[in-house]
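Okay, structure first, notes after.
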Amino acid sequence: MDAKDFFGTFLKAIEQNRNYEGRDLFDIYKHNAEYTSVIIKIINEIIKETGCTPQNEYFRIDAVGWTSHSQDMKKEAEEAGIDLKPHLWDLKIAIEHENDKRAWSDEVMKLIHVKCPLKIVIAYNYSDERGEKEQKKLDFLANQMTKIEAFSIGERKEQYLIILGNGCNHKTGEADYGDFGYRGYLYDWEDKKFKKLD
288 MDAKDFFGTF LKAIEQNRNY EGRDLFDIYK HNAEYTSVII KIINEIIKET GCTPQNEYFR
348 IDAVGWTSHS QDMKKEAEEA GIDLKPHLWD LKIAIEHEND KRAWSDEVMK LIHVKCPLKI
408 VIAYNYSDER GEKEQKKLDF LANQMTKIEA FSIGERKEQY LIILGNGCNH KTGEADYGDF
468 GYRGYLYDWE DKKFKKLD
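Using the working numbering, the first residue of the sequence shown is number 288, and each one after it goes up by one.
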């Protein structure tokens with residue numbers, strides 16, 4: 288699964304879960320703290336669909352997906368006469384969810400230091416600051432990311448996807464939006480910018 292596949296699957300999962308355990312998902316969404324536990328359950332289902340095993344709060348990361356090679360290791364250890372528990376796995380996906388509309392850059396920085404092919408931050412922007420202001424924020428962040436040594440280590444081998452949804456109006460503090468408004472932005476290694484996914 289690459290970043291574009293995840294984004295499409297994520298949007299479908301949101302639509303399919305509009306009635307979540309008898310409650311309107313959008314109503315839950317408007318109550319930030321409560322939404323995180325719900326969205327992580329939905330993300331875990333997406334991770335399972337990729338053939339990975341989901342795990343939450345590993346490395347204090349909200350959700351990860353991994354594949355196991357433990358059976359191979361166990362077999363090889365037995366053949367070599369080595370008494371060692373088989374723990375061999377590949378981290379494939381790391382996902383952070385942040386409700387605070389101003390603090391999600393920390394989640395991006397955290398994921399820079401995690402080595403895996405797909406890193407995703409799901410966060411929110413003020414509903415009255417979408418479009419041009421949102422892109423300006425992403426351009427600024429993309430520039431800051433290049434200052435982190437660990438960022439260049441994964442160059443062109445890792446994908447950085449930021450999904451931003453509607454948050455409260457910055458001026459009024461009101462939830463004045465009528466939909467989730469999720470937009471996907473994928474980091475372009477060549478242009479060194481986040482580009483909006485269609």
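The C-beta atom is built at its ideal place from N, Cα and C for all residues, glycine as well.
Just so it is clear, the structure is predicted and the values come from calculations on it, not from any experiment.
Hey, how far is the Cα of G471 from the Cα of F346?
The alpha-carbon separation between G471 and F346 amounts to approximately 25 Å.
Suppose contacts are defined by Cβ-Cβ distances below 8 Å. Is D415 in contact with N386 by that definition? No, they are not a contact pair.
(request) Tell me, please, which residues DSSP counts as bridged to P341. (result) According to DSSP, P341 bridges with G352.
Q: State the DSSP-derived secondary structure class of I369, mapped to helix, strand or coil.
A: Three-state result, I369: coil.
Self-check item: Three CB pairs or more closer than 8 Å across the stretch 430–443 and the stretch 372–382
Solution: Output reads no: the stretch 372–382 does not touch the stretch 430–443.
- Query: What is the C-beta distance between S355 and T337, in whole angstroms, given that I count them as a contact (C-beta under 8 Å)?
  - Reply: About 13 Å separates the beta carbon of S355 from that of T337, a gap too long to meet the 8 Å contact definition.
**Study point:** Rounded straight-line distance, which links the Cα of W353 to that of G368
**Key:** Cα-Cα distance, rounded: 27 Å.
* Asked: How is L378 classed by DSSP in three states: helix, strand or coil?
  -> In the three-state reduction of the DSSP assignment, L378 falls in the strand class, which pools E and B.
Between the C-alpha atoms of L484 and F294, what's the straight-line distance to the nearest angstrom? The straight-line gap from Cα to Cα measures roughly 9 Å.
Check: Just how far apart, CA to CA, sit I466 and D289?
Finding: Per the sequence presented here, residue 466 reads as Asp, with Ile not at that position. Roughly 25 Å between the two C-alpha positions.
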